[in-house]
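Remarks on the structure that follows.
In my numbering, the protein residues as written are 33 to 92.
Written out as C-alpha coordinates, the structure is:
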(Lines of atoms letter the chains of each structure in order from A; the text may use other names.)
(Lines give C-alpha, C1' and ligand atoms only; values in the text may rest on other atoms or scores of the structure.)
Protein backbone atom coordinates (compact mmCIF):
# COMPACT_ATOMS: atom_id res chain seq x y z
CA UNK A 33 0.00 0.00 0.00
CA UNK A 34 1.57 3.34 -1.06
CA UNK A 35 2.17 5.86 1.69
CA UNK A 36 0.56 9.29 1.23
CA UNK A 37 2.25 12.55 2.06
CA UNK A 38 0.57 14.70 4.70
CA UNK A 39 0.20 18.46 4.57
CA UNK A 40 -0.01 20.93 7.43
CA UNK A 41 -1.92 24.00 6.26
CA UNK A 42 -3.16 27.35 7.52
CA UNK A 43 -6.28 29.03 6.09
CA UNK A 44 -7.29 32.63 6.71
CA UNK A 45 -11.00 33.22 7.31
CA UNK A 46 -12.88 36.30 6.07
CA UNK A 47 -12.69 37.75 9.60
CA UNK A 48 -8.87 37.45 9.62
CA UNK A 49 -8.69 34.50 12.03
CA UNK A 50 -6.40 31.59 11.15
CA UNK A 51 -7.25 27.88 11.06
CA UNK A 52 -4.61 25.11 11.09
CA UNK A 53 -5.30 21.62 9.81
CA UNK A 54 -3.78 18.49 8.27
CA UNK A 55 -4.77 16.53 5.17
CA UNK A 56 -3.46 14.27 2.41
CA UNK A 57 -5.24 16.33 -0.30
CA UNK A 58 -4.91 20.13 -0.07
CA UNK A 59 -7.24 21.04 -2.93
CA UNK A 60 -10.04 18.77 -1.77
CA UNK A 61 -9.80 19.92 1.84
CA UNK A 62 -9.76 23.63 0.96
CA UNK A 63 -12.84 23.09 -1.22
CA UNK A 64 -14.55 21.32 1.67
CA UNK A 65 -13.76 24.24 3.99
CA UNK A 66 -15.24 26.67 1.46
CA UNK A 67 -18.46 24.66 1.16
CA UNK A 68 -21.11 24.42 3.85
CA UNK A 69 -20.78 20.61 4.02
CA UNK A 70 -17.65 18.72 4.98
CA UNK A 71 -15.64 21.68 6.23
CA UNK A 72 -14.62 22.53 9.77
CA UNK A 73 -17.17 24.15 12.11
CA UNK A 74 -14.60 26.96 12.49
CA UNK A 75 -15.77 28.32 9.11
CA UNK A 76 -19.49 28.35 9.94
CA UNK A 77 -19.23 31.91 11.28
CA UNK A 78 -16.67 33.27 8.79
CA UNK A 79 -15.93 31.74 5.39
CA UNK A 80 -12.55 30.32 4.35
CA UNK A 81 -10.82 33.07 2.36
CA UNK A 82 -7.39 31.79 1.31
CA UNK A 83 -4.71 29.28 2.15
CA UNK A 84 -1.77 31.24 3.54
CA UNK A 85 0.64 28.36 4.28
CA UNK A 86 1.20 24.68 3.57
CA UNK A 87 4.05 22.26 4.19
CA UNK A 88 4.45 18.62 3.21
CA UNK A 89 5.49 15.83 5.62
CA UNK A 90 6.09 12.13 5.06
CA UNK A 91 3.81 11.05 7.91
CA UNK A 92 1.05 12.33 10.10
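Backbone N, C-alpha and C fix where the C-beta goes; we use that ideal spot for every residue, glycine too.
Short Cβ contact (8 Å threshold) for residue i with residue j
i: residue 74; j: residue 41; result: no
i: residue 79; j: residue 44; result: no
Residue from the options whose Cα sits closest to the Cα of residue i
i: residue 87; options: 55, 50, 48; result: 55
i: residue 58; options: 39, 68, 72, 66; result: 39
Rounded separation between residue i and residue j - CA only
i: residue 49; j: residue 90; result: 28 Å
i: residue 52; j: residue 81; result: 13 Å
i: residue 68; j: residue 76; result: 7 Å
i: residue 70; j: residue 83; result: 17 Å
i: residue 72; j: residue 65; result: 6 Å
i: residue 62; j: residue 92; result: 18 Å
Where residue i falls: helix, strand or coil (DSSP)
i: residue 47; result: coil
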